[in-house]
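Quick note: the sequence shown uses the numbering used here, first residue 2, plus one each step. Backbone N, C-alpha and C fix where the C-beta goes; we use that ideal spot for every residue, glycine too. This one's a predicted model, so the numbers in the text were calculated from it and none came from an experiment.
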Amino acid sequence: MHTIYKLVIYSSISLLWVGSVQAQNWTISEEERAMKMTVEYTEAIQTEGKAIFEKSCKMCHGDLIVSPVNDRVLPIAPNLGATSIQSANSDGEFYGKISNGKGGMPPFKAALSPDDLWKVIAYLRTSYAAYVPQGAAAPSEAVAIFEGTIKSLTTTFDTAAKQFVVQLNAVDLAGNPTYAMNVKVDLLFKTSFGYLPVAKGVKSNSKGQVLIADPNIQPDSTGHIIVKAQTADLAVSEEKVIAYGSPWVWDSPLNHRSLWGTSANTPIWLLATYLSVVLGVWITIFWAILQLFRIWMLRER
Ligand code: HEC
């Protein structure tokens, strides 16, 4: 049989297979469909979701690109940034689809924890401008908006819990000290080329504290870093040097025993061989130049 016929037959079989797989329905339980986001819809969470997406989803789905409709062709997984997909799925439906999979889409129920699934969904939603945060992500009416005044911020690093704690020192409308809840705070690090944002818009809890996971950065040679905490409206800020991690030690290659390390570490025979080779090369070069010079001198006569 001609190769071309084989090709046609194989490709139609695979197209049929893809078609039949696509034709199945998603299995989403009623419970899943009704589920609401359990993580907050903040930049920090979306960034965590992005990391999971890049590790577990991107190889099939590609980048999240905002476009009206899915522009990827079969059998490649759809572009999840397509507005048609974003608007057709509720958060619960996304949760069910990603948990249970279908055809070419593997189930992630066992591989990712519920919170991780929600983090990915929070990231997927960043491509959908019309998204209205739901559940924990929603700005709930039950959660009061802080109305007093933030006096100052105090940043500490909790070594045991491996997190930064920014304590808001606030007073209520009557001027009494209180806990400022739901106030958005940014945390930045000072570097030689400016401030590096680590967390943006993280909300304070009922104790007036903002908890930010350790971003694992390198402290200076004395084991300190300069952090700057500020309220998202930039009204109050604090810059502070805090002890963090173990000091940074520059590991000079000269401290190691190596061929090109200090000559003190080099075995004498190696040094002698190396120097005689170098000397030999230079002697040869000078000899050649000398000969050329002598030829040039002969020209005069
Ligand atoms: C092995 C490739 C593969 C991986 C990995 C993968 N997907 Fe999919 N995904 C697919 C395919 C193929 C489809 C289309 C399935 C269909 O319609 O039959 C799909 C469909 C989907 C849909 C449904 C879109 C719609 O039309 O409603 C969502 C949501 C989704 N994937 C999310 C994810 C997320 C989140 C991850 C990572 C945690 C992921 N996928 C990882 C292949 C993959």
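Would you say the beta carbon of residue i comes nearer than 7 angstroms to a heavy atom of the ligand HEC?
i           : result
residue 10  : no
residue 78  : yes
residue 128 : no
residue 317 : A question about residue 317 goes unanswered here, because the residues of the chain that appear run from 2 up to 302.
residue 320 : A query on residue 320 cannot be resolved here, the shown segment of the chain reaching from 2 to 302 and no further.
residue 113 : yes
residue 97  : no
residue 121 : yes
residue 30  : no
residue 86  : yes
residue 108 : no
residue 65  : no
residue 54  : yes
residue 81  : yes
residue 330 : The question about residue 330 has no answer, for the chain in this structure spans 2 to 302.
How would you call residue i, buried or exposed, if buried means at least 16 neighbouring beta carbons within 10 angstroms?
i           : result
residue 143 : Because residue 143 sits at a pLDDT of 45, beneath the cut-off of 50, its placement in the model cannot be relied upon, and the point is left open.
residue 202 : exposed
residue 41  : buried
residue 120 : buried
residue 197 : exposed
residue 49  : buried
residue 80  : buried
residue 199 : buried
residue 292 : exposed
residue 99  : buried
residue 236 : exposed
residue 276 : exposed
residue 278 : exposed
Assuming contact is defined by CB atoms lying nearer than 8 angstroms, are residue i and residue j in contact in what I supplied?
i           : j           : result
residue 189 : residue 229 : yes
residue 169 : residue 205 : yes
residue 178 : residue 172 : yes
residue 155 : residue 101 : no
residue 124 : residue 51  : yes
residue 30  : residue 97  : yes
residue 220 : residue 246 : yes
Using CA atoms only, rank isn't needed, just tell me which of the options is closest to residue i.
i           : options              : result
residue 126 : 252, 44, 109 and 29  : 44
residue 163 : 218, 300, 78 and 133 : 218
residue 86  : 96, 159 and 69       : 69
residue 191 : 184, 225 and 55      : 225
residue 136 : 244, 73, 280 and 35  : 35
residue 249 : 213, 223, 4 and 299  : 223
At a Cβ threshold of 8 angstroms, is residue i touching chain D?
i           : result
residue 198 : Note that chain D does not occur in the displayed structure, where there is just one protein chain.
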